[in-house]
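A.B. asks: For the protein sequence lines, the chains are L and V, in the order given.
If you're matching positions, the first sequence starts at 4 in my numbering and goes up one per residue.
If you're matching positions, the second sequence starts at 4 in my numbering and goes up one per residue.
Cβ atoms here follow ideal geometry from the backbone N, Cα and C, with glycine treated the same way.
One structure is given below, represented as structure tokens, and several questions about it will come after.
Number of protein chains: 2
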Amino acid sequence: MTKKDQDSIQEKILAYMESNGLRITNQRRAIVEAAFSTTDHYTAEELLDSARKIDPSVSRATVYRTLPVLVQTGLLRELDLGRDQQVYDPNYATHPNHNHLICVDCQKIIEFEDYCLDVRESVLAKNLGFRPGVVKLRIEGSCEELAKTGSCSKRLVH
Amino acid sequence: MTKKDQDSIQEKILAYMESNGLRITNQRRAIVEAAFSTTDHYTAEELLDSARKIDPSVSRATVYRTLPVLVQTGLLRELDLGRDQQVYDPNYATHPNHNHLICVDCQKIIEFEDYCLDVRESVLAKNLGFRPGVVKLRIEGSCEELAKTGSCSKRLVH
DNA sequence: CTTTATGCAAAGGGTTTGCAACAAA
DNA sequence: TTTGTTGCAAACCCTTTGCATAAAG
């Protein structure tokens, strides 16, 4: 993802806020910048840390109040990984249809895309009387390549 | 799902417990029976309620302590629907590869299976160096049929 | 008997919220 | 100004846990 891509995403979010009557504050600007300046997944707490590096006045409450707005734009997504903290994925902004492969051994997450899967999912949903929207696919498994070579060569996002 | 299916599932769970050195208590028996006597999804609290109808001495703590055991057997699964309470799905015992279609309007959940999807997912995982395990696919959308007719005819589980 | 399980109630911990002070527009 | 936003800290609420008692084997 280039710097220009990042800027464009951030502008989209700020425009969304403006057009929804939300005010553009320094704190929100910092949170948006922090949210889309990385391709790593993060928790609310981690986003708070990175936003504070941009504007130290950002509070935890504001992060928790801003996250739902970012999710509403569709450019950020919750990962619903399980029990503990919610994890956020900023890569939907550049890869709207990516999926996740999770290693049950090392917990590493690999992102991938597949057009065939997208088409089949869409057809199935329509056959069941649905107009499909957000699709969340997560495959858990053992990462053999990771076990052998120490890394996965097929990752979409590094 | 027949009564015989239910009994067989419950026996499998109890056998799993026994072979793992866990004791077969009345409370656990009640929880297991409650967990697999329905095809509806449920929360821990709802499971507590139904287990108490079988054995009123069941406590919330025991339900929370027993649920992870049921999940370990692979016959019950957490749905990871989002923020609030965890939701459990007992239908993996009879339909190990089913997926979920969720209506964003009415929140109704429809279960479906598709062999093509299963195969493609498996191939993709292997190509990425993974030995695939649990697959979780959730499609959110608007249920047109539901909107028109008041119900969905294509549901796997009623 | 020995060991594991239970119920109770308190503690945990991520997320939400009430409120007075504060900034956008 | 007017109205939405912020930070703080307390409240929430689901889930986990410590402990004395009870029951399985």
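Residues of chain L with CB under 8 angstroms from aspartate 117/V, in chain order?
C.D. replies: One-based indexing of the second sequence puts residue 117/V at position 114. By Cβ distance, chain L contributes Arg123 and Leu127.
A.B. asks: Could you name the residues that DSSP lists as bridge partners for histidine 44/V?
C.D. replies: Position 41 of the second sequence, counting from 1, holds the residue named residue 44/V. Answer is none; histidine 44/V lacks a bridge partner.
A.B. asks: Does the beta carbon of glycine 85/L come closer than 8 angstroms to any beta carbon on chain V?
C.D. replies: Here residue 85/L corresponds to residue number 82 of the first sequence, with the count starting at 1. It does; some Cβ of chain V falls within 8 angstroms.
A.B. asks: Are three or more beta carbon pairs between the stretch 98-114 of chain L and the stretch 132-148 of chain L nearer than 8 angstroms?
C.D. replies: Segments in contact, yes.
A.B. asks: Does lysine 139/L get closer than 8 angstroms to chain V when you measure Cβ to Cβ?
C.D. replies: Sequence index remark: in the first sequence, residue 139/L carries index 136 (1-based). Closer than 8 angstroms to some Cβ of chain V, the Cβ of lysine 139/L qualifies, so yes.
A.B. asks: Relative to the alpha-carbon of lysine 129/V, which residue among Thr41/L, Arg63/L and Ile113/L has its alpha-carbon at the smallest distance?
C.D. replies: Translated into the one-based positions of the second sequence, residue 129/V becomes position 126. Considering only alpha carbons, the answer is Ile113/L.
A.B. asks: Specify the secondary structure class of glutamate 135/V as computed by DSSP and reduced to three states.
C.D. replies: Along the second sequence, one-based indexing puts residue 135/V at 132. Correcting the residue identity first, residue 135/V is proline in this sequence and not glutamate. Note: proline 135/V maps to strand in three-state DSSP.
A.B. asks: Going by alpha carbons, who is nearest to asparagine 23/V out of Tyr67/V, Ala37/V and Leu73/V?
C.D. replies: In the second sequence, the residue the question calls residue 23/V occupies position 20. The candidate whose alpha carbon is nearest that of asparagine 23/V is Leu73/V.
A.B. asks: Are the CB atoms of isoleucine 16/L and leucine 70/L within a distance shorter than 8 angstroms?
C.D. replies: Translated into positions along the first sequence, residue 70/L becomes position 67. Translated into positions along the first sequence, residue 16/L becomes position 13. Not a contact, by the Cβ cut-off of 8 angstroms.
A.B. asks: Give the secondary structure of asparagine 102/L by DSSP, where H, G and I count as helix, E and B as strand, and everything else as coil.
C.D. replies: Taking the first residue of the first sequence as 1, we reach residue 102/L at position 99. Strand at asparagine 102/L.
A.B. asks: Quick check on this structure: which residue in Gln88/L, Pro99/L and Lys6/L has the alpha carbon closest to the alpha carbon of glutamate 49/L?
C.D. replies: For the purposes of this step, residue 49/L is identified with residue 46 of the first sequence, where counting begins at 1. Here the closest residue by C-alpha is Gln88/L.
A.B. asks: Looking at C-beta atoms only, is the number of pairs between the stretch 30-46 of chain V and the stretch 120-134 of chain V that lie closer than 8 angstroms three or more?
C.D. replies: No contact exists between the stretch 30-46 of chain V and the stretch 120-134 of chain V.
A.B. asks: Following the continuous alpha helix (DSSP H) through glutamate 21/L, name the residue where it begins and the one where it ends.
C.D. replies: Against the first sequence, residue 21/L aligns to sequence position 18. Note, glutamate 21/L: alpha helix (DSSP H), 6-22.
A.B. asks: Return yes when the Cβ of alanine 18/L is within less than 8 angstroms of the Cβ of isoleucine 57/L, no when it is not.
C.D. replies: The residue given as residue 57/L occupies position 54 in the first sequence. The residue given as residue 18/L occupies position 15 in the first sequence. No. Outside cutoff.
A.B. asks: How big is the Cα-Cα spacing for valine 90/V and threonine 76/V?
C.D. replies: For this step, residue 90/V is matched to residue 87 along the second sequence. For this step, residue 76/V is matched to residue 73 along the second sequence. Those two C-alpha atoms are separated by around 17 angstroms.
A.B. asks: Skipping 5 residues on each side, what residues in its chain have a beta carbon closer than 6 angstroms to that of tyrosine 95/V?
C.D. replies: In the second sequence, residue 95/V corresponds to position 92, counting from 1. Once the five neighbours on either side are set aside, the close Cβ partners of tyrosine 95/V are Arg80.
A.B. asks: Determine the chain L residues that contact arginine 134/V at a beta-carbon separation under 7 angstroms, and present them in chain order.
C.D. replies: For this step, residue 134/V is matched to residue 131 along the second sequence. Within 7 angstroms Cβ-Cβ: Gly144, Ser145 and Glu147.
A.B. asks: Could one say the Cβ of isoleucine 113/L lies closer than 8 angstroms to chain V's Cβ atoms, at least one of them?
C.D. replies: Position 110 of the first sequence, counted from the start, is the residue given in the question as residue 113/L. Closer than 8 angstroms: yes.
A.B. asks: Determine the contact status of valine 66/L and leucine 51/L, defining contact as a CB-CB distance below 8 angstroms.
C.D. replies: As a position in the first sequence, residue 66/L is number 63, starting the count at 1. As a position in the first sequence, residue 51/L is number 48, starting the count at 1. It is a contact, given that the beta carbons lie within the stated cut-off.
A.B. asks: Please report whether the beta-carbon of glutamine 89/V lies at a distance below 8 angstroms from any beta-carbon of chain L.
C.D. replies: In the second sequence, counting from the first residue as 1, residue 89/V sits at position 86. Interface residue, yes.
A.B. asks: Apart from the five residues just before and just after arginine 55/L, which ones in its own chain have a Cβ nearer than 6 angstroms to its Cβ?
C.D. replies: As a first step, residue 55/L is located in the first sequence; it is residue number 52 there, counting from the start. The answer, listed in chain order, is Val61.
A.B. asks: Got a sec: is the Cβ-Cβ distance from glutamate 81/L to anything in chain V below 8 angstroms?
C.D. replies: Here residue 81/L corresponds to residue number 78 of the first sequence, with the count starting at 1. Glutamate 81/L counts as touching chain V.
A.B. asks: Verify the CB distance criterion: does histidine 161/V have a CB-CB separation below 8 angstroms to chain L?
C.D. replies: Taking the first residue of the second sequence as 1, we reach residue 161/V at position 158. Bear in mind that a pLDDT of 46 at histidine 161/V, under 50, signals an unreliable position, so the number given afterwards is only what the model happens to contain. Chain L, which has no Cβ nearer than 8 angstroms to the Cβ of histidine 161/V, makes this no.
A.B. asks: In whole angstroms, give me the CA-to-CA distance for valine 138/L and threonine 42/V.
C.D. replies: Here residue 138/L is taken as the residue at index 135 of the first sequence, counted from 1. Here residue 42/V is taken as the residue at index 39 of the second sequence, counted from 1. About 24 angstroms.
A.B. asks: Please confirm if valine 74/L has its CB atom under 8 angstroms from at least one CB of chain V.
C.D. replies: Reading the first sequence from its first residue, position 71 is the one you call residue 74/L. For valine 74/L, the answer is no, since every Cβ of chain V falls outside 8 angstroms of its Cβ.
A.B. asks: Can you tell me whether histidine 161/V is buried or exposed, with buried defined as 16 or more other CB within 10 angstroms of its CB?
C.D. replies: Locating residue 161/V in the second sequence gives position 158, where the first residue counts as 1. Low confidence applies here, because histidine 161/V scores a pLDDT of 46, under 50, leaving its location unreliable; read the following figure in that light. Histidine 161/V should be labelled exposed.
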